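Note that the protein sequences, when read in sequence, are chains P and S. Per our numbering, the first sequence starts with residue 1, numbered consecutively. Per our numbering, the second sequence starts with residue 1001, numbered consecutively. These notes are about the structure you will find just below.
There are 2 protein chains.
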Amino acid sequence: MTIAQKISASMHGSSWVRKMFEEGMQLQEKHGSKNVFDFSIGNPNLPPPEAFSSTLRDTVDSCGLGAHCYMSQVGYPQVCEAIAGYLCEEQGVAISQKEVIMTCGAAGALNVILKTLLDPEDEVILTKPVFIDYAAYVDNHCGTSRIVDCRPDFMLDLDAIGSAINKKTKAMIINSPNNPSGQIYSKENLHGLGKLLEERSKAFGRTIYLLSDEPYRKIIFDGYQVPSIFKAYSQSIIATSYSKDLSIPGERIGFAAVNPAATYKQDIMNGMALATRILGFINAPALMQRVVSELQGISVDIHAYEKKRQLLCDGLADAGYEFVTPPGTFYLFPKTPIEDDVTFVQELQKELILTVPGKGFLYPGYFRIAFCVDDDTIINALPGFRRVMDRYK
Amino acid sequence: MTIAQKISASMHGSSWVRKMFEEGMQLQEKHGSKNVFDFSIGNPNLPPPEAFSSTLRDTVDSCGLGAHCYMSQVGYPQVCEAIAGYLCEEQGVAISQKEVIMTCGAAGALNVILKTLLDPEDEVILTKPVFIDYAAYVDNHCGTSRIVDCRPDFMLDLDAIGSAINKKTKAMIINSPNNPSGQIYSKENLHGLGKLLEERSKAFGRTIYLLSDEPYRKIIFDGYQVPSIFKAYSQSIIATSYSKDLSIPGERIGFAAVNPAATYKQDIMNGMALATRILGFINAPALMQRVVSELQGISVDIHAYEKKRQLLCDGLADAGYEFVTPPGTFYLFPKTPIEDDVTFVQELQKELILTVPGKGFLYPGYFRIAFCVDDDTIINALPGFRRVMDRYK
């Protein structure tokens, strides 16, 4: 082997999302980008809010000496303070800057948290359908993933989770609003999980941490709310980013926040500062830290995503597709009319419609449509969606 | 254990650089920042070049739709192309954009490279005095560090390196200009290393990679040049950043470049793209990628650092300190007049002078002075340096 065996193996079984995204780029070269309907990747198509652009300009204009220097590994104190202030309201508990660490997006946050928590052979529970990179993050830090099923409505299946917990369980990762299902775990569902994790932590005599990945928290519809994870379980850590709500995924800016009630809060914060350094992040990008600190509570126009959801759901329901209407995110996760989701997605691809098979989320029989695209892309793709469905009716 | 054992252990044996930096902040609170002489951390004190500031403003002004979106994991093609163009001249070999990947600084680059290359128990050779975080990077990816001595003039000791290579050796990391010694490995020294690695790769039937960490490449004095690593050894990879030469370490922007002559170039590039994603970097920060692509060959005013070096070296030589005058970087690495460098550094600290003991680089009997500080800090600290030396004369 010339490179690491794991990396070599992962390349061959690469992410379906990226695979479809790359095939899409090839199809666009061949057929012209207007003729290809790319629903493969969650790359937000809405522009950042005007407040982002003006704050970015103002922040750059006011850059003085030291504006781009190293700072504390956890981030600028005033940035952590601004975020803590906003989180108090969002989570409904008192949070201080000492519980917040700035990160290179949510993916950076999760790697930093897992590096801080996991000993070799520790297990981390994930739920299907699963954003498959979570398993890679766990493996990066020598942990093992244990992946359990969800309920048919994509809520957490507490029985399945309860059965999966054992003496090696160190953490669980949840993602709500969920990629790919769009589901938001209810307050009852989350508090049930909190109670379960508390009981099992006691039973096994070790803390089981709950990591809540929440980058879609602000992309919600129909008056739904995302319940507070800090109220649901004391040993919880939030990982999130501004990628989706400010449409700036390329800038890699987010944060982790530790529940102020967590028993070993200070150890975790110190560990995350160290992990940020040795994993090579060093600190979250300086300029963007200062920019997002001014934009607490701001997001892109959610109504625009709501309209896209409506266009897509109406069109697909009319064509005979079955799905749970997503209360959040910009993903729809319909059933495929045949068991083999990969074949179905390939049929869609012949219509130049790019989606991701459920298999890519370890959930065959479904497929994901990322509707963070132009309205016209949705409208013009609907006849193709219908033609493919008609073949299986 | 509530957090990972390795992280917990590392926190207790934390980096001396960070330790002194943090003690410095406490001393500054107590005595006022003007009265503390902080030479502990390599946080460049020169402002970024004017070209950086104007390019940053122009780049922000021209941000259009998609300016902050995800892009390819390796970075924007036009950015990689601009860097490849500059590298052709710097390295004296033909390099294309396909050999360049944008990273979150050099620390991000090294983690991405090591994740790509290392299988469990693979060994990586480091040389003392060593930037100790390299060992943590190797450990992150389940490798083992084998640390060898340098020559008394801080050049590479090829005999020591030759003795350390065995069938488990997968890579070697070098850093030139060197932190903390300030030494630049000569062309002869590097070509000798290249020859050695080539012979041993053949003998053991596996490629030994050479990772060259070069963030101080532009901070050189007295007409010294940093030789091309790509010419010295075919299986080489450069990791670097714009942190030091543009004074923007907080922005986390750098790149890795694979030698176009490397045998498994394409595997390495594909592996690094994957590693960038799964380690949680996803991609280097979008805006800063575009900014640095416009600033190829630009750097802060090196003469300002040269003046600081002169002030410091003249003053310390006069006080009786012994050192190799550094041809590059903003570090000086003098001998301590007593064997116990930690005690000596503590004595300096009583004079409110903060430096880092050689022990922090696994090289006791020396100490590091980061002279990327105001001229006045150097001038005003010299009497204290003299007083402490006088006690040991």
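Glycine is no exception: its CB is placed at the ideal position from the N, C-alpha and C atoms. All figures in this text were calculated on a predicted structure; none of them were measured in a lab.
### Query
Shorter than 9 Å from the beta carbon of E1214/S to some beta carbon of chain P?
Chain P contact via Cβ: absent.
### Query
Rounded to a whole number of angstroms, what is the C-alpha to C-alpha distance between G61/P and D1153/S?
Inspection of the sequence shows that residue 61/P is occupied by Asp rather than by Gly. Here the alpha carbons of D1153/S and D61/P stand approximately 46 Å from one another.
### Query
Which stretch, first to last residue, makes up the beta strand (DSSP E) that contains E123/P?
E123 to T127 is the span of the beta strand (DSSP E), which, as asked, contains E123/P.
#### Entry: Distance, S1293/S Cα to P1049/S Cα
For P1049/S and S1293/S, the distance between alpha carbons rounds to 14 Å.
### Local conformation of N1175/S per DSSP, three classes
In this structure, N1175/S counts as strand in the three-state DSSP scheme.
### Query
Where does P1120/S land, buried or exposed, given buried means 16+ other C-beta within 10 angstroms?
Answer is exposed; the Cβ neighbour count stays below 16.
#### Entry: Beta-carbon gap between P413/P and Y321/P smaller than 9 Å
The structure shown has nothing for residue 413/P, since chain P only spans 1 to 393.
### Query
Using a Cβ-Cβ cut-off of 8 Å (strictly less than) and excluding sequence neighbours within five positions of C1104/S, which residues of its own chain qualify?
In the same chain as C1104/S, and ignoring 5 residues on each side of it, the C-beta atoms closer than 8 Å to its own belong to R1252, I1253, G1254, F1281, A1284 and P1285, in chain order.
### Task
Please decide whether D1301/S counts as near chain P, where near means a Cβ-Cβ distance under 9 Å.
Judged by the 9 Å Cβ criterion, D1301/S is not in contact with chain P.
### Whole-angstrom distance between Y86/P and G315/P, CA atom to CA atom
Approximately 38 Å, taken between the alpha carbons.
#### Entry: Three or more C-beta pairs below 8 Å linking the region 295-311 of chain P and the region 57-74 of chain P
Verdict: no, contact absent.
### Task
Quick one: list the residues of chain P neighbouring V1060/S, beta-carbon separation under 7 Å, in chain order.
Near V1060/S (Cβ distances below 7 Å), the residues of chain P are L56, R57 and V60.
### Task
Tell me whether the beta-carbon of P327/P lies closer than 9 Å to the beta-carbon of G192/P.
It is not a contact, given that the beta carbons lie outside the stated cut-off.
### Message
Among the candidates V373/P, M389/P and K393/P, whose CA atom is the shortest distance from the CA of K34/P?
### Response
Comparing Cα positions, the closest option is V373/P.
#### Entry: For P1357/S, the three-state DSSP class (helix, strand or coil)
The answer is strand: DSSP assigns P1357/S an E or B state.
#### Entry: First through last residue of the alpha helix (DSSP H) which encompasses D1139/S
That run of the alpha helix (DSSP H) goes D1133 to N1140.
#### Entry: Listed by chain order, chain P residues near Y1264/S by CB distance under 9 Å
Here the neighbours are T2 and I3.
### Message
Would T1116/S and I1268/S be called neighbours here (beta carbons separated by less than 9 Å)?
### Response
For T1116/S and I1268/S, yes; Cβs fall inside 9 Å.
### Query
Listed in chain order, which residues of the region 1240-1251 of chain S have Cβ atoms closer than 7 Å to some Cβ of chain P?
Cβ contacts with chain P come from S1247, I1248, P1249, G1250 and E1251.
### Spatial neighbours of Y1076/S in its chain, beta-carbon cut-off 6 Å, leaving aside the 5 residues before and after
Excluding sequence neighbours, Y1076/S sits near Q1289.
### Message
Quick check for students: name the residue ranges of the alpha helix (DSSP H) that lie wholly in the region 1280-1344 of chain S, counting only runs of 4 or more.
### Response
Contiguous alpha helix (DSSP H) elements confined to the region 1280-1344 of chain S occur at 1286-1293 and 1302-1319, taking only those with 4 or more residues.
### Cβ-based burial, S1096/S [other Cβ within 10 Å; buried from 16]
Label assigned to S1096/S: exposed.
### Message
Looking at chain S, is there any beta carbon in it that lies within less than 9 Å of the beta carbon of Y363/P?
### Response
Chain S contact via Cβ: absent.
### Message
Output needed for L1046/S: all residues of its chain with C-beta closer than 6 Å, excluding positions within five of it in sequence on either side, in chain order.
### Response
S1247, V1300 and A1304.
### Query
Is it a yes or a no for the region 184-191 of chain P touching the region 131-147 of chain P, going by three-plus beta-carbon pairs under 8 Å?
Result no; under three Cβ-Cβ pairs closer than 8 Å.
#### Entry: Below-9 Å beta-carbon distance, G1360/S vs any chain P residue
No, its Cβ sits nowhere closer than 9 Å to a Cβ of chain P.
### Message
If you follow the alpha helix (DSSP H) that I1379/S is in, where does it begin and where does it stop?
### Response
Note, I1379/S: alpha helix (DSSP H), D1375 to Y1392.
### Query
For Y1224/S, does the count of other Cβ atoms within 10 angstroms reach 16, so buried, or fall short, so exposed?
Exposed: under 16 other Cβ atoms inside 10 Å.
### Query
In three-state terms, what does DSSP make of D38/P?
Residue state, collapsed to three classes: strand.
### Message
Could you pull the DSSP bridge partners for R368/P from this structure?
### Response
Per DSSP, V356/P.
### Task
Reducing DSSP to helix, strand and coil, say where V74/P ends up.
Secondary structure of V74/P (DSSP, three-state): coil.
### Task
Please classify R57/P: does DSSP put it in a helix, a strand, or coil?
In this structure, R57/P counts as helix in the three-state DSSP scheme.
#### Entry: Exposure label - K1393/S; buried when at least 16 CB within 10 Å
K1393/S comes out exposed.
### Query
Listing by chain order, which chain P residues have their CB less than 7 Å from the CB of N1270/S?
Result: M11.
#### Entry: Identity of the residues DSSP links to F1154/S by a beta bridge
Looking at the DSSP assignment, F1154/S forms no beta bridge with any residue, so it has no partner.
#### Entry: Residue nearest to C80/P in terms of C-alpha spacing, selected from Q73/P, E89/P, I101/P and V93/P
The option with the nearest alpha carbon to C80/P is I101/P.
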